[in-house]
Amino acid sequence: MNIINNHGTKINILGIPADRGRWLLIPLGMTILLCLGSVYSWSIFRTPLEKELGISASASLLPFTFILVFYAAVMPIAGFYIPRIGTRLMTAVGGMIVGLGYILSSFATNVTTLVLTYGVIAGIGVGIAYGVPMVVVSRWFPDKKGLAVGLTIIGFGLSPLITAPLANQLIDIYTVRPTLRILGIAFILIILAISLTMKLPPQGWHPRQNMANSTSILASSYPKNLLRSRSFYGLWICYVIGTLVGLSAIGISSTVGEEIINIDPTVAASSVSLFALFNGVSRPLFGWLVDRFKPHYIAILSYVLILIACILMVNAQTGQVGNYLIAFCLFWFCLGGWLAMAPTITLGFFNPEQYAQNYGIVFTAYGVGALIGTLATGRIRDLFGTYTYVFYPMAFLAMIGIIVACFLLKKERF
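Okay, structure coming up:
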């Protein structure tokens with residue numbers, strides 16, 4: 073590679089010089105993640121599927137649980153193949169599998185089939201495609217990693233803001249099965265089109281204004297073995313707690329509003345859009361904060377907000393819509409924060425040249441949090457007859473997270 077390329081003057085993105093054209097990759101990656109983030113709108117599908125298939129609350133959470141677990145399990149595998157297969161092909165394959173999962177789910181006649189089609193197949197597709205936009209933007213933005221990653225994953229967080237009311241309207245018009253088919257086809261077409269733009273920069277590329285800092289960025293020291301690093305386990309545990317609480321809350325957002333607060337189902341569904349807004353806004357905000365402050369301070373802040381949300385919901389009574397809205401805005405806000413903090417901390421603590429593999433391993437925490445959180449939430453509801461008791465263990469975990477962040481979530485010196 074020649075010096076001109078290193079300065080970015082002859083590299084174009086969609087016909088625009090790379091220094092400016094790289095900003096186009098953020099909304100494109102955001103759109104891919106918006107399609108994938110429709111998994112967060114599962115609560116909109118739950119009620120009609122429970123009625124149609126005759127299944128319990130815990131059973132209707134299984135497809136949601138499995139899609140989160142499978143996409144988290146596939147992420148580390150996909151991370152190793154991204155450099156080998158290529159970002160564009162990985163995106164295209166992931167998008168096609170996601171769409172296929174949705175389409176096949178429309179033909180499910182029982183919860184087992186739904187777990188296989190939606191949970192396993194669509195989950196694998198999400199796991200393949202999810203990491204690609206973040207890998208791409210992190211390489212094109214070596215000078216603004218946290219901000220770029222945070223902005224890109226807004227798409228995943230804001231997805232329910234668009235897909236939840238859209239799915240709700242489609243279900244009202246066409247019923248739930250045709251809705252799944254419509255979304256599946258749309259996701260395939262959109263992701264395939266955008267996959268053509270998901271290309272990495274040449275090795276060592278830096279924007280012109282950042283060339284002076286490129287040497288220091290590359291010279292940073294990192295642990296040779298991720299799994300032998302104390303900071304990895306601190307990050308992993310904190311990420312498990314953040315996602316466990318957040319995903320548990322997301323899976324029951326509409327249902328809690330209907331059962332505990334006694335609000336209209338349509339209002340409960342609409343409130344998911346508000347929660348998604350907070351989930352999306354928190355991503356660039358937390359990414360920016362982690363770029364500028366010590367990560368353990370920002371992690372502690374997120375756990376304090378979770379504690380406040382838990383206290384509000386433990387004391388919530390019928391008709392207290394304010395408590396419900398504030399609490400779940402905070403739950404979604406903190407989950408979005410962790411989905412920005414974890415990749416940004418991974419970039420800062422560990423070798424950025426191995427980011428795809430490293431974050432794939434870190435992301436297994438998401439799967440663990442999803443599995444434990446959603447299963448426990450449904451079980452607690454079935455045992456006690458109310459979701460109120462879900463918020464006690466959430467508060468306890470937030471306190472554990474504060475302790476872990478204080479002692480383990482710090483970059484090691486080498």
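First residue of the sequence shown: 73, per the numbering used here; consecutive thereafter.
C-beta atoms are modelled at their ideal positions from N, C-alpha and C, and glycine is treated no differently.
Treat the numbers as computed from the prediction; the structure is a model and nothing was measured.
Contact check for I116 against V440 fails: the beta carbons are separated by 9 Å or more. When V208, N387 and G173 are compared, the shortest CA-CA separation from G191 is found for G173. Separation of N430 and N351 (C-alpha to C-alpha, rounded to the nearest whole angstrom) is 24 Å. One Cα belongs to G126, the other to E484, and the distance between them is close to 52 Å. By the criterion of a C-beta distance shorter than 6 Å, G256 is surrounded in its chain by G171, Y174 and I175, once the five residues flanking it on both sides are discounted. Taking V339 as reference, the option from G359, L316, C382 and V393 with the minimal CA-CA separation is V393. Distances from the alpha-carbon of L252 to those of V165, Y459 and F179 put F179 closest.
If one requires a minimum length of 4 residues, the alpha helix (DSSP H) runs lying completely within the stretch 315–349 are 325–331, in chain order.
R160 and K271 have their C-alpha atoms roughly 6 Å apart. The DSSP assignment places complete alpha helix (DSSP H) segments of no fewer than 4 residues inside the stretch 190–269 at 195–212, 217–224, 226–246 and 248–267, in order along the chain. Taking every protein chain shown into account, the CB of Y112 has 16 or more other CB atoms within 10 angstroms, so this residue is buried. With a cutoff of 9 Å on beta-carbon distance, A265 and G199 are scored as not near each other. DSSP places P155 in the helix class (H, G or I) of the three-state scheme. Taking all protein chains in view, the Cβ of D363 is crowded by 16 or more other Cβ atoms within 10 Å, so the residue is classified as buried. In this structure G87 is exposed. Its beta-carbon is surrounded by fewer than 16 other beta-carbon atoms within 10 angstroms. Here I83 carries a coil assignment [DSSP, helix/strand/coil]. Here A164 is actually not in contact with S231; their C-beta atoms are around 20 Å apart, not less than 8 Å. Two segments are said to touch when three or more pairs of C-beta atoms, one from each, lie closer than 8 Å; by this definition the stretch 454–466 does not touch the stretch 354–363. L233 sits away from A321, with the two beta carbons spaced by 9 Å or more. Pairing C382 with I335, the inter-Cα distance amounts to about 19 Å. Sorting I313, I98 and A201 by C-alpha distance to the C-alpha of I260 places A201 at the top. In chain order, A371, G473, V476, A477 and L481 place their CB closer than 7 Å to the CB of C310, counting only its own chain and leaving out the 5 sequence neighbours on each side.
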